[in-house]
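In what follows, a single structure is set out as structure tokens and then discussed.
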Amino acid sequence: MCRPMADIDVAIIGSGPAGISAALELRRLGVRKIVILEREREAGGVPRHCAHPPYGFWEFGRIMTGPAYARRLVRLAAQAGVEIRTLNTVLDLLPGGVLDVATPQGRVQLQPRRVMITTGARETPRSARLISGERPAGVINTGALQAYIHLHGMLPFRRPVIVGTELVSLSAVYDCRAHGVRPVAVIEQNSRATARWPLNLFPKLLGIPTLYHSEVVAIAGMPRVTSVLVRGAGADQKIACDGVLLTGKFLPEASLVRGSDLVLDPAAQGPAIDQFGRCSDPVYFAAGNVLRPVETAGWCFREGRRIARYVADDLAGRLAGPQGAAEIVCGDHVKFVVPQRLVPGGGAKHLEIRVRAAVQGRLRVLAGTNIIFEKNISALPERRILVPLRVLAEHGGDRFKVEIKS
Ligand SMILES: Cc1cc2nc3c(=O)[nH]c(=O)nc-3n(C[C@H](O)[C@H](O)[C@H](O)COP(=O)(O)OP(=O)(O)OC[C@H]3O[C@@H](n4cnc5c(N)ncnc54)[C@H](O)[C@@H]3O)c2cc1C
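Counting from 40, one number per residue, gives the positions in the sequence shown under the working numbering.
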């Protein structure tokens, strides 16, 4: 392969809300050449196939559907002079910011001055959920359902069981009902819905029963699904259905990071960053749902914009260096924290925390054996908890632990 092309200031991998907002902010701050690399035929990320509101309220002051929101982002990027290269799949992140990219014209290497990784998240598929039984057609994730319905005009089933009660699960219920699909049950392993009140009432209002403390343990049928076996508090029950929709349980789309020299945080499953979004190789930054499973489009948009400011500062030689980082680690009940490192010099306002399972107790941040922050919480696995990073920065130290005493 020939010498990497080095005329790009910032290359952004992924054209979802985080990637596009970052590009817009970099242009606003006067950064000259920004290229977004997107593997799909169309730019816009996940919102392209989420054909429901509410997108865009905080960003544009109005409520939009996902596709309208994605189109608006792409239009703004074009107006701002951002180059979006679709059908460009980044295959490798090499040291020093060299990117190996598959393009319709063949493989190329790029060497931008900085790289932002904004590759988003995906849902956990059946294989990783360890659901036993037969392997019929009709067992899919929400992203596939949305693509079937909104991009290809197809219905994969008529009477599915829906697994999960996250926001994305409710959007799936909405999509199903809007297209004549009648879910037979919603299955939730926790004692309460993950989506907040009053949204969690949505299935009930449509007459769809929600089974709490329950799990789908086996799928039957061939070539199509005919039933699932559900294990709950009482005896196992067989539910007749013609499909299984596995919603949520998101994972960062971080295979690029996994295959690179960048440090991956095994807890959040995305790249380990400091409060500026900077990865272990300081040419790389990351933002959006690749950092953690999972946030809303609005959150990712704001995060992309914020990290872009640090990238612009870095290009101008104004960003505090990566030296002297304190590590932030997970204690009891804490599944992950983002960022995982704190360097001297300001930056993000919050430490983001998630728990492993529903828990009530006292959230504590420790510096050594000193408790430097505590509060009572009642937390669910997919909901964010925020702690002001200022508390850690003001205390100082080289290691902080976040835990919940239940
Ligand atoms: C099925 C599903 C439904 C969702 N529904 C909602 C919802 O209704 N509301 C909401 O607020 N949030 C929803 N989300 C969360 C969603 O992730 C965020 O809304 C938002 O899209 C995240 O923005 P992002 O920029 O981080 O990533 P994304 O929007 O996921 O964009 C990432 C982009 O990176 C590209 N990419 C990945 N790898 C590569 C590579 N190697 N090379 C080049 N390009 C690459 C992808 O093709 C994609 O376009 C949903 C997520 C999923 C998976």
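Every residue gets a Cβ at the ideal spot worked out from N, C-alpha and C, and that includes glycine.
- Here G182 has V85, H88, R161, E162 as same chain residues with Cβ atoms under 8 Å from its own Cβ, once five neighbours each way along the sequence are excluded.
- 8 Å or more divides the Cβ of L419 from the Cβ of L390.
- The way I'd put it, the region 340–351 does touch the region 46–61; three or more beta-carbon pairs between them come closer than 8 Å.
- Remark: the shortest separation between the CB of I346 and any heavy atom of ligand 1 does not fall under 7 Å.
- Per DSSP, A62 is one residue of the alpha helix (DSSP H) stretching across 56–67.
- Shortest Cα-Cα distance from A116 to any of L76, Q144, P151, T142 involves L76.
- In this structure, ligand 1 has no non-hydrogen atom nearer than 7 Å to the beta-carbon of I73.
- Judged by their CB atoms, P195 and G282 are nearer to each other than the 8 Å cut-off.
- Of the candidates V200, V269, T104, the residue whose Cα lies closest to the Cα of V223 is V200.
- Assignment of R197 by DSSP, reduced to helix, strand and coil, places it in the coil class.
- If you look at A211, you'll find it in the alpha helix (DSSP H) that goes 206–217.
- Listed in chain order, the beta strand (DSSP E) elements of length 3 or more contained wholly in the region 273–346 are 276–279, 282–285, 289–291, 323–325.
- A residue is called buried once 16 or more other Cβ atoms fall within 10 Å of its Cβ, and Q118, having fewer, is exposed.
- According to DSSP, residue pairing for F439 in a beta bridge involves I367, A406.
- Looking at the DSSP output, V377 sits in a beta bridge with E391.
- DSSP places Q118 in the uninterrupted alpha helix (DSSP H) bounded by 105–118.
- Annotated as distal: T157 and A293, with beta-carbon spacing of 8 Å or more.
- Of the candidates G136, L184, L169, R78, the residue whose Cα lies closest to the Cα of L126 is R78.
- In the structure shown, the three-state DSSP call for I188 is helix.
- Per DSSP, R168 lies in no beta strand (DSSP E); the unbroken alpha helix (DSSP H) holding it starts and ends at 165–168.
- Taking 8 Å as the cut-off, the Cβ atoms of L428 and E413 do not count as close.
- A contact is defined here as three or more CB-CB pairs under 8 Å, and the region 101–110 fails this definition with respect to the region 146–155.
- Within the chosen limit of 7 Å, ligand 1 reaches the beta carbon of V207 through at least one heavy atom.
- With a cutoff of 8 Å on beta-carbon distance, C280 and R221 are scored as not near each other.
- For V430, the uninterrupted alpha helix (DSSP H) segment begins and ends at 428–434.
- Annotated three-state conformation of G182 is helix, per DSSP.
- From the listed residues V202, G356, K440, the smallest Cα separation to V255 is found for V202.
- Beta-bridge partners assigned by DSSP to L76: I52, R124.
- Within the DSSP bridge table, the entry for R235 names no partner.
- The residue among L112, G271, L238, K72 with its C-alpha nearest the C-alpha of N229 is G271.
- The C-alpha of H91 lies about 7 Å from the C-alpha of S210.
- At a threshold of 7 Å, A336 counts as near ligand 1, since its beta carbon sits closer than that to one of the ligand's heavy atoms.
- Inter-segment contact for the region 354–369 and the region 324–335 is absent: fewer than three beta-carbon pairs are separated by less than 8 Å.
- In this structure, the beta-carbon distance from P378 to I312 falls below 8 Å.
- Put simply, of K72, A396, I188 the residue whose alpha carbon is nearest the alpha carbon of G120 is K72.
- For E81, no alpha helix (DSSP H) encloses it, and the DSSP letter there is neither H nor E.
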